[in-house]
Amino acid sequence: MKRSLVIVCSLLAAIFTLGADQPSVRIEPADSVGPRPLEKQTEAAVIRDYLQAWGSLSDAFEQNRVDLLDRDFIGSAKEKLADTIRQQAKLGIYTRYRASAHDLQLVFYSPEGLSIQLIDTVEYDVQIVDGKNAQTAQHVRARYVAVLTPTEVRWKVRVFQAGAE
Amino acid sequence: MRLISTIFLCGLVLAATPLALAQSGGLHLPRAVEAGRAFSIQSAGSGKAVLYIVGLGQVLRRDLQLGETTLFAPGEINNAGHYLAVLVGESSTESSAFDVTAAQPATLSFLAKPSRLPIDLHDGISGVVYVFDPLQNLVLASTPVSLQLGVAGAEQTRTAITHNGVAWVRMNSAAKEGSVQFVARVGEAISTRVIQQVPGDPCHLRMSARPLGERLVVETEPVRDCSGNSLPDGTVVTFTESYEGSASTVDVPLKHGIAQTDMPAYSGAKISVATGVFIGNEIRWGKER
Numbered sequence: 002m003k004r005s006l007v008i009v010c011s012l013l014a015a016i017f018t019l020g021a022d023q024p025s026v027r028i029e030p031a032d033s034v035g036p037r038p039l040e041k042q043t044e045a046a047v048i049r050d051y052l053q054a055w056g057s058l059s060d061a062f063e064q065n066r067v068d069l070l071d072r073d074f075i076g077s078a079k080e081k082l083a084d085t086i087r088q089q090a091k092l093g094i095y096t097r098y099r100a101s102a103h104d105l106q107l108v109f110y111s112p113e114g115l116s117i118q119l120i121d122t123v124e125y126d127v128q129i130v131d132g133k134n135a136q137t138a139q140h141v142r143a144r145y146v147a148v149l150t151p152t153e154v155r156w157k158v159r160v161f162q163a164g165a166e
Numbered sequence: 090m091r092l093i094s095t096i097f098l099c100g101l102v103l104a105a106t107p108l109a110l111a112q113s114g115g116l117h118l119p120r121a122v123e124a125g126r127a128f129s130i131q132s133a134g135s136g137k138a139v140l141y142i143v144g145l146g147q148v149l150r151r152d153l154q155l156g157e158t159t160l161f162a163p164g165e166i167n168n169a170g171h172y173l174a175v176l177v178g179e180s181s182t183e184s185s186a187f188d189v190t191a192a193q194p195a196t197l198s199f200l201a202k203p204s205r206l207p208i209d210l211h212d213g214i215s216g217v218v219y220v221f222d223p224l225q226n227l228v229l230a231s232t233p234v235s236l237q238l239g240v241a242g243a244e245q246t247r248t249a250i251t252h253n254g255v256a257w258v259r260m261n262s263a264a265k266e267g268s269v270q271f272v273a274r275v276g277e278a279i280s281t282r283v284i285q286q287v288p289g290d291p292c293h294l295r296m297s298a299r300p301l302g303e304r305l306v307v308e309t310e311p312v313r314d315c316s317g318n319s320l321p322d323g324t325v326v327t328f329t330e331s332y333e334g335s336a337s338t339v340d341v342p343l344k345h346g347i348a349q350t351d352m353p354a355y356s357g358a359k360i361s362v363a364t365g366v367f368i369g370n371e372i373r374w375g376k377e378r
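Chains V and D, in that order, are what the protein sequence lines are. For our numbering, count along the first sequence from 1 and bump the result up by 1. For our numbering, count along the second sequence from 1 and bump the result up by 89.
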């Protein structure tokens, strides 16, 4: 009986932990995106790839590994994030980014279909770990502008920049 | 009783300590800074502390004495974004957020499509412009972009305002064939693309035939589109000769706007000419059978 209770508790804890890792995602209707008509499949692929990019950058910043950006970032976005990771490594620190909520709005799909822009009002916690000293996580709410471009197999983030809300 | 009072007082002092430290260690910084510009952060209190500037665009760490002003030189923070300033003292931590905004527009990422298209096409050309500052930050503030297509005296000009750093337009291709420049301009920042405007579908296809020994030389007049532009050399023209239930076909590319070939001179043969789906005139050679 006691053993079963432990297993159930472990499962619940695992489910809770997994659930806690997944940010809530809200997507504004994309009816007015233009000028190119946006197919549902394209919209779904862009959002999927963008959210996966957040996962990649979170791992890359926590492990100070530039290579983890390769799958999801390209161009100046990748260069800038990679530079930041190198700065972290040089200072002997790393940062934990844990997104808790994304409020996404696709705002522009270029006429030739080569770029798509979205606005993400994102909430996340940032924790600085300097050596072995982990600082208190800080809660952040910011408005990110991302421009994604299609590559062979997925949409990659080419511009990634936070601005004032 | 005295012991309880002492414990109570100690508890109050301990509870109030972080608050007092937080109050004494104020962190003063601008809410927004332009990328690449110098700025400073003022701390209050005394003792040693570490200041972290943390964002996805940049990370900095400074050891400092509380109460001093920490200066950030021009070029220290170049990447626009949302940053946290976290001040970690010996017994307290404070944080505040600020934004680094893009500087003035300096470069344009300009995509014009297509690079080659038929003349006289309504909204046939699209131009998309992303505006960046000298540090490759997207300029999110609304910015007018001037777009000009064509040659002096016959140009189309539009002004588009950026939203979240991007502006776009659609323009018509001109009535005359040839290369034209498509120019996007924001202040001193200019980006130019070349658009090749080629003749449209053929509108005039007419051939004539003359005998040359036992052969017939068939030759078109200059092949033109509906605006009078010559179709480009290399456009394939097909001559078909039908005679006694059989047909032979010759494909000839235009050369200097004209297609020419020779075919057997069968009396009573019917010769037709076409390019793409456009059919020209028909000739019946010799006497009818």
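By construction, the Cβ of each residue, glycine as well, lies at the ideal position given by its N, Cα and C atoms. Since the model is a prediction, treat every value here as computed from it, not as a measurement.
Looking at the DSSP output, D:F187 bridges to D:Y172. For V:A165, the residues of chain D that pass the 9 Å Cβ criterion are R120, A121, H171, D188, T190 and L229, in the order they occur in the chain. In this structure, DSSP gives V:K81 a helical state, which the three-state scheme calls helix. Close to D:T159, with beta-carbon spacing below 7 Å, lies no residue of chain V; the smallest spacing is near 16 Å. With contacts defined by Cβ atoms closer than 8 Å, D:T309 and D:A363 do not form a contacting pair.
Put simply, the backbone Cα of V:G164 is about 13 Å away from that of V:L119. Segment contact: the stretch 136 to 143 of chain D against the stretch 125 to 133 of chain V, three or more CB-CB distances shorter than 8 Å; contact assigned.
Rounded to whole angstroms, the separation of the alpha carbons of D:T190 and D:V175 is 19 Å.
Annotation for V:N65: I86, Q89, A90 and Y95 place their beta carbon closer than 6 Å to its own, counting only its chain and skipping 5 residues before and after. D:N253 reaches chain V at V108, F109, Q118, I120 and V146, counting residues in chain order whose Cβ is nearer than 8 Å. When DSSP reads this structure, D:G267 sits in a beta bridge with D:Q286.
Setting aside the 5 residues that flank it on each side, D:K202 is surrounded in the same chain by S215, each with a C-beta closer than 6 Å to its C-beta; the list follows chain order. Assigned with DSSP and collapsed to three states, D:R247 falls in strand. With contact defined as three or more Cβ pairs closer than 8 Å, the stretch 227 to 234 of chain D and the stretch 281 to 288 of chain D are not in contact.
Sequence-ordered contacts of the stretch 131 to 160 of chain D with chain V read V139, Y141, V143, G144, L145, G146, Q147, V148, L149 and R150 [C-beta pairs closer than 8 Å].
Listed along the chain, the chain V residues whose CB falls inside 8 Å of the CB of D:T338 amount to none; the nearest CB is some 38 Å away. Residue contact with chain D for V:I129: present (Cβ-Cβ distance below 8 Å to some residue of chain D). The beta carbon of D:L149 sits closer than 6 Å to those of I142, all from its chain and outside the five residues before and after it, given in chain order. With a threshold of 8 Å between beta carbons, D:S215 makes contact with chain V. Residue-level contact by beta carbon fails for D:N261 and chain V, as no gap is shorter than 8 Å. Under the three-state reduction of DSSP output, D:R120 falls in the coil class, being neither helix nor strand.
Three or more pairs of CB atoms, one per stretch, sit closer than 8 Å, so the stretch 344 to 355 of chain D contacts the stretch 297 to 313 of chain D. Here D:A138 is buried: its Cβ has 16 or more other Cβ atoms, across all protein chains shown, within 10 Å. Each residue's CA atom was taken as its position, placing D:E244 and V:R144 some 39 Å apart. Judged by beta-carbon spacing, D:D222 lies within the 8 Å limit of D:A124, meaning their Cβ atoms are closer than that value. The bridge partners DSSP lists for D:V341 are D:V326. Listed as beta-bridge partners of V:Y51 by DSSP are no residues whatsoever.
Residues P194, A195, T196 and L197 of the same chain have their beta carbon placed closer than 7 Å to that of D:A278, with the five preceding and five following residues left out of the count.
In this structure, D:S262 lies away from D:D314, with their beta-carbon atoms at least 8 Å apart. At least one CB atom of chain V sits nearer than 8 Å to the CB of D:N168.
Our two residues, D:L116 and D:G170, have alpha carbons roughly 20 Å apart in a direct line. Taking C-beta atoms as the reference points, D:L294 and D:F199 fail to come closer than 8 Å. Residue burial is scored here from C-beta neighbours: D:T158 has fewer than 16 other C-beta atoms within 10 angstroms and is therefore classed as exposed.
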